[in-house]
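Using the UniProt record's numbering, you'd call the opening residue of the sequence shown number 1 and step up by one each time. Glycine included, every Cβ here is placed at the ideal spot set by N, Cα and C.
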Amino acid sequence: MLTVSGVAHTYGGVVALDAVSIAVAGERIGLVGVNGAGKTTLLSVAGGALKPTSGDAAIGGASLYSRASRRVALRRVALMPQSLALPSHLTALEAVAYLTWMRGARWRDATRAAHMALVDVGLADRVGTRIRTLSGGMHRRIALAQAIALDPEVLLLDEPTTGLDPQHRREILDLVAGLDHELVMSSHLIEDVATICSRVVVLHRGRVVFDGTTEQLRTLAPDSASPRALEDAFLAVVDAAKVP
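So, in structure tokens, the structure goes:
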């Protein structure tokens, strides 16, 4: 189980997260919110990449921010960031293997795991291709490959379809849907979340303003039978949160 407990974080006095608590246990959670809601900050904290101002994140009881347990905890959770800067001269295999090695795997094991992960994301024929020649959709697949290479218990996906055209967006969503992992996937597109996740957490101005099933969220729409009911419900929740 991944737990985020009472997490707060500020950037130069600006509150990005305010006492956020979430538990992930055997499920897939969609994290939605408008731009600036705190989604990326929350996933960075949950993935061990950003130490919170206060509170903690832990997996299986092992804190991601305790010196005693950090190394073990980091092997059990992985983050696919919204953007991943990769050296353009490396091949796809070299890039994923290097990032896997950085997470603590031996080089031989990292290379083998990287190759398997690239196969899993549909890049078997691109393992030796240099990063600079790959499309944006392939870059997103590489970002996903480095996250799944060590088979973590929990995947954190930060807007995995951002910047993609409809075809590549669908391909990434299909890949994610086929994964056998607990996960938290952030998006500002409620329809993407609905195809993958059964639970939705709405974040607004650094606070959780809704946490429930997609069907529970749907009931908050003005017309729950509308084809746009989930989107309307999401906007209703956000609008309600703006009221002082």
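Where do the ends of the alpha helix (DSSP H) carrying residue i lie?
{"i": "I29", "result": "It is not in any alpha helix (DSSP H) - I29 instead sits in the beta strand (DSSP E) that spans R28 to V32."}
{"i": "T40", "result": "K39 to A46"}
{"i": "Y98", "result": "A92 to M102"}
Among the options, which residue has its Cα nearest to the Cα of residue i?
{"i": "I59", "options": "V72, L50 and A49", "result": "V72"}
{"i": "D120", "options": "A105, A62, A145 and G136", "result": "A145"}
{"i": "D223", "options": "T213, K51 and A236", "result": "A236"}
{"i": "A233", "options": "Q216, S198 and R126", "result": "Q216"}
{"i": "L118", "options": "A105, L175 and R103", "result": "L175"}
{"i": "V45", "options": "L2, C197 and W107", "result": "L2"}
{"i": "D180", "options": "A124, Y65, E27 and P52", "result": "E27"}
{"i": "V201", "options": "D192, T195, T214 and E191", "result": "T214"}
{"i": "residue 248", "options": "G47, A241 and L189", "result": "The question about residue 248 has no answer here: the residues shown for the chain are numbered 1 through 244."}
{"i": "P81", "options": "S187, I22, D125 and T53", "result": "S187"}
{"i": "I22", "options": "L183, D125 and K242", "result": "L183"}
{"i": "D211", "options": "D18, T100, G30 and A16", "result": "G30"}
{"i": "Q167", "options": "T100, S135 and A221", "result": "S135"}
{"i": "P227", "options": "R169, E191, A110 and L150", "result": "E191"}
{"i": "L74", "options": "S83, A124, L84 and W101", "result": "W101"}
{"i": "V15", "options": "V24, G36 and A25", "result": "G36"}
Residue range of the beta strand (DSSP E) that residue i falls in?
{"i": "I142", "result": "From DSSP, I142 is part of no beta strand (DSSP E) but of the alpha helix (DSSP H) over G136 to I148."}
{"i": "D125", "result": "Premise fails: D125 is in no beta strand (DSSP E) and is neither H nor E."}
{"i": "L156", "result": "V154 to D158"}
{"i": "I22", "result": "V14 to V24"}
Grouping DSSP H, G and I as helix and E and B as strand, with all else coil, what is residue i?
{"i": "H188", "result": "coil"}
{"i": "A73", "result": "helix"}
{"i": "M116", "result": "helix"}
{"i": "residue 248", "result": "Beyond the ends of the chain as shown, which are 1 and 244, falls residue 248; an answer cannot be given."}
{"i": "S5", "result": "strand"}
{"i": "D56", "result": "strand"}
{"i": "V121", "result": "coil"}
{"i": "L235", "result": "helix"}
Leaving out five residues on either side along the sequence, give the residues of the same chain with a beta carbon under 8 angstroms from the beta carbon of residue i.
{"i": "I131", "result": "L86, P87, S88, H89, L90, T91, A92, A95, H139 and I142"}
{"i": "V20", "result": "V4, G6, V7, A8, G38, L42, G55, L203, G206, R207 and V208"}
{"i": "I172", "result": "G137, R140, R141, L144, P160, T161 and L164"}
{"i": "R218", "result": "S224, A229, L230 and A233"}
{"i": "S63", "result": "D56, A57, S69, R70 and A73"}
Where DSSP assigns a beta bridge to residue i, which residues make up the other side?
{"i": "T213", "result": "R199"}
{"i": "A241", "result": "For A241, which the question treats as bridged, DSSP gives no partner whatsoever."}
{"i": "Y11", "result": "V14"}
{"i": "L79", "result": "L156"}
{"i": "A62", "result": "I59"}
{"i": "E182", "result": "V154"}
{"i": "V176", "result": "Beta-bridge pairing links V176 to no other residue."}
{"i": "H204", "result": "R207"}
{"i": "R132", "result": "Bridge partners of R132: none, in fact."}
Apart from the five residues on each side of it in sequence, which residues of its chain come closer than 6 angstroms, Cβ to Cβ, to residue i?
{"i": "P152", "result": "R76, V77 and A78"}
Taking 7 angstroms as the cut-off, is the CB of residue i close to at least one heavy atom of the ligand PLP?
{"i": "S224", "result": "The model depicted lacks the ligand PLP and carries no ligand whatsoever."}
Are the C-beta of residue i and some C-beta of chain B separated by less than 8 angstroms?
{"i": "I59", "result": "The structure shown contains no chain B; it is built from a single protein chain."}
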